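Numbering (this note's numbering), first residue to last: 18 to 115.
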């Protein structure tokens, strides 16, 4: 068995995590663009144990009537993110829920 110095292993793990986050962020770009047109932002809060936690954030003057129902937005994101390995669940927080 080959021993890998801890620093090398840590850097490799960070690289994998960064690549995974870049892939997730890229997959979410179309949603961000659509939400931004109505005054909203989409923020990734955490990825833990296969759960992607995100929040939709309202900017000043956001169009409340333009935001699709949470269940529909979650389903659309789930459909896109299902191509990302290791993500099994989406938790989405809408403005005013916290």
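Think of the CB as a built atom: it goes at the ideal place given N, C-alpha and C, for glycine as much as any other residue. These numbers come from a predicted model, not from an experiment.
Report task. Mind checking who residue 111 pairs with in its DSSP beta bridge? Result -> Answer by DSSP bridge pairing: none, since residue 111 is not bridged.
Query - N- and C-terminal bounds of the alpha helix (DSSP H) containing residue 98 - result: Run containing residue 98: 87-98, per the alpha helix (DSSP H) assignment.
Query raised in the report: Going along the chain, which residues of its own chain have a beta-carbon closer than 7 Å to the beta-carbon of residue 103, five neighbours each way excluded?
Result: If we look at residue 103 and ignore the five residues flanking it on each side, its Cβ neighbours are 67.
Requested in this report: Starting from the C-beta of residue 74, find all residues in its chain whose C-beta is less than 7 Å away, skip the five residues before and the five after it, and write them out in chain order.
Outcome: Excluding sequence neighbours, residue 74 sits near 57, 58, 60 and 112.
Query - Status (buried if at least 16 other CB within 10 Å, exposed otherwise) for residue 38 - result: Under this definition residue 38 is an exposed residue.
Query - Where the beta strand (DSSP E) through residue 66 begins and ends - result: Counting along the chain, residue 66 sits inside no beta strand (DSSP E), nor does DSSP assign it H or E at all.
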